[in-house]
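**Student:** Pasting a structure below so you can have a look.
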Amino acid sequence: MSTQSERLIMYLILRADLISDLKWPLGAVFTQIAHAATACIWTFKDDPEVKEYMGNMENMHKVTLKVKDEPELLEKAKKLADAGIQHKIWNEDGMAVCIAIKPQQRQKMKQFIGNLALYK
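At position 101 of the sequence shown (counting the first as 1) the number is 207 in my numbering, and the numbers step up by one without a gap.
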(Lines of atoms letter the chains of each structure in order from A and count residues from 1; the text may use other names and numbers.)
(Lines give C-alpha, C1' and ligand atoms only; values in the text may rest on other atoms or scores of the structure.)
Protein backbone atom coordinates (compact mmCIF):
# COMPACT_ATOMS: atom_id res chain seq x y z
CA MET A 1 0.00 0.00 0.00
CA SER A 2 1.24 3.52 -0.81
CA THR A 3 2.21 5.90 1.95
CA GLN A 4 0.81 9.43 2.08
CA SER A 5 3.95 10.72 0.32
CA GLU A 6 3.35 8.15 -2.43
CA ARG A 7 -0.36 8.95 -2.73
CA LEU A 8 -2.01 7.74 -5.90
CA ILE A 9 -3.47 10.48 -8.08
CA MET A 10 -5.71 10.26 -11.11
CA TYR A 11 -4.70 12.92 -13.61
CA LEU A 12 -7.29 14.16 -16.08
CA ILE A 13 -6.23 16.19 -19.10
CA LEU A 14 -8.97 18.25 -20.72
CA ARG A 15 -9.08 20.41 -23.83
CA ALA A 16 -9.48 24.12 -23.04
CA ASP A 17 -10.97 24.84 -26.47
CA LEU A 18 -14.13 22.90 -25.63
CA ILE A 19 -15.26 25.92 -23.64
CA SER A 20 -13.30 28.79 -25.18
CA ASP A 21 -13.73 28.05 -28.90
CA LEU A 22 -16.39 25.36 -29.27
CA LYS A 23 -18.61 26.94 -26.58
CA TRP A 24 -19.59 23.66 -24.94
CA PRO A 25 -21.80 24.17 -21.85
CA LEU A 26 -19.96 23.59 -18.57
CA GLY A 27 -22.26 20.69 -17.70
CA ALA A 28 -21.31 18.90 -20.91
CA VAL A 29 -17.61 19.41 -20.18
CA PHE A 30 -17.97 18.14 -16.61
CA THR A 31 -19.75 15.08 -17.99
CA GLN A 32 -16.84 14.33 -20.34
CA ILE A 33 -14.43 14.38 -17.39
CA ALA A 34 -16.70 11.99 -15.49
CA HIS A 35 -16.94 9.69 -18.52
CA ALA A 36 -13.14 9.63 -18.92
CA ALA A 37 -12.50 8.92 -15.23
CA THR A 38 -15.14 6.18 -15.08
CA ALA A 39 -13.92 4.55 -18.30
CA CYS A 40 -10.33 4.59 -17.06
CA ILE A 41 -11.19 3.00 -13.72
CA TRP A 42 -13.31 0.33 -15.43
CA THR A 43 -10.66 -0.38 -18.09
CA PHE A 44 -7.98 -0.97 -15.44
CA LYS A 45 -10.27 -2.32 -12.69
CA ASP A 46 -8.06 -5.36 -12.02
CA ASP A 47 -4.87 -3.32 -11.65
CA PRO A 48 -3.49 -3.34 -8.05
CA GLU A 49 -3.02 0.46 -8.03
CA VAL A 50 -6.61 1.01 -9.17
CA LYS A 51 -7.84 -1.37 -6.47
CA GLU A 52 -5.81 0.53 -3.88
CA TYR A 53 -7.08 3.88 -5.17
CA MET A 54 -10.71 2.76 -5.14
CA GLY A 55 -10.30 1.01 -1.78
CA ASN A 56 -9.84 4.40 -0.14
CA MET A 57 -12.65 6.30 -1.88
CA GLU A 58 -13.04 8.95 0.80
CA ASN A 59 -9.48 10.07 0.10
CA MET A 60 -9.36 9.81 -3.71
CA HIS A 61 -7.28 12.55 -5.30
CA LYS A 62 -7.77 13.83 -8.84
CA VAL A 63 -6.00 16.65 -10.64
CA THR A 64 -7.46 18.21 -13.79
CA LEU A 65 -4.97 19.74 -16.20
CA LYS A 66 -5.51 21.47 -19.51
CA VAL A 67 -4.18 21.42 -23.02
CA LYS A 68 -5.07 23.88 -25.75
CA ASP A 69 -6.84 21.62 -28.25
CA GLU A 70 -7.27 18.15 -29.74
CA PRO A 71 -3.86 17.98 -31.47
CA GLU A 72 -2.12 18.79 -28.18
CA LEU A 73 -4.28 16.24 -26.34
CA LEU A 74 -3.41 13.53 -28.86
CA GLU A 75 0.28 14.45 -28.70
CA LYS A 76 0.17 14.06 -24.91
CA ALA A 77 -1.63 10.70 -25.28
CA LYS A 78 1.09 9.47 -27.65
CA LYS A 79 3.83 10.43 -25.19
CA LEU A 80 2.00 8.62 -22.41
CA ALA A 81 1.53 5.52 -24.59
CA ASP A 82 5.16 5.57 -25.71
CA ALA A 83 6.22 5.63 -22.04
CA GLY A 84 3.87 2.79 -21.11
CA ILE A 85 1.67 5.02 -18.93
CA GLN A 86 -1.80 3.46 -18.94
CA HIS A 87 -4.60 5.86 -19.73
CA LYS A 88 -7.96 6.19 -21.42
CA ILE A 89 -8.79 8.72 -24.12
CA TRP A 90 -12.44 9.75 -24.00
CA ASN A 91 -14.03 10.56 -27.37
CA GLU A 92 -17.26 12.45 -27.84
CA ASP A 93 -18.89 13.56 -31.09
CA GLY A 94 -16.05 11.96 -33.05
CA MET A 95 -13.23 13.81 -31.30
CA ALA A 96 -10.86 13.21 -28.41
CA VAL A 97 -11.88 15.44 -25.51
CA CYS A 98 -10.17 14.15 -22.36
CA ILE A 99 -7.47 11.79 -21.13
CA ALA A 100 -7.80 10.00 -17.81
CA ILE A 101 -4.53 8.54 -16.55
CA LYS A 102 -4.68 5.41 -14.41
CA PRO A 103 -3.95 6.43 -10.79
CA GLN A 104 -0.21 6.97 -10.43
CA GLN A 105 2.26 8.38 -7.97
CA ARG A 106 2.96 12.08 -8.54
CA GLN A 107 6.71 11.54 -8.90
CA LYS A 108 6.22 9.06 -11.75
CA MET A 109 4.07 11.55 -13.66
CA LYS A 110 6.10 14.75 -13.23
CA GLN A 111 8.01 14.41 -16.49
CA PHE A 112 4.81 13.84 -18.47
CA ILE A 113 2.47 16.43 -16.98
CA GLY A 114 4.77 18.92 -15.25
CA ASN A 115 4.42 21.46 -18.06
CA LEU A 116 0.60 21.45 -18.02
CA ALA A 117 -1.44 24.08 -16.16
CA LEU A 118 -4.18 23.24 -13.72
CA TYR A 119 -7.62 23.63 -15.24
CA LYS A 120 -9.14 26.50 -13.26
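Every residue gets a Cβ at the ideal spot worked out from N, C-alpha and C, and that includes glycine. Small disclaimer: the values here were computed from a predicted structure and weren't measured.
(1) When burial is assigned at 16 or more other CB atoms within 10 Å of the CB, is residue 116 buried or exposed?
(2) State buried or exposed for residue 210, treating a residue as buried only when at least 16 other CB atoms are found within 10 Å of its CB.
(3) Report the start-end ranges of each alpha helix (DSSP H) in the stretch 136-196 that is 4 residues or longer and not cut off at the edges.
(4) Run the CB neighbour count on residue 207, radius 10 Å, all protein chains shown included, and call it buried at 16 or more, exposed below.
(5) Using 10 angstroms around the beta-carbon of residue 138, count the other beta-carbons present and answer buried if the total reaches 16, otherwise exposed.
(6) Could you check what DSSP says for residue 111 in three-state terms: helix, strand or coil?
(7) Expressed to the nearest angstrom, what Euclidean distance is found between the alpha-carbon atoms of residue 177 and residue 163?
**Tutor:** In this structure, then:
(1) buried
(2) buried
(3) 154-161, 176-188
(4) buried
(5) buried
(6) Low confidence applies to residue 111: its pLDDT is 47, below 50, so where it sits in the model is not reliable, and the reading given next is rough at best. If DSSP states are grouped into helix, strand and coil, residue 111 belongs with the helices.
(7) 33 Å
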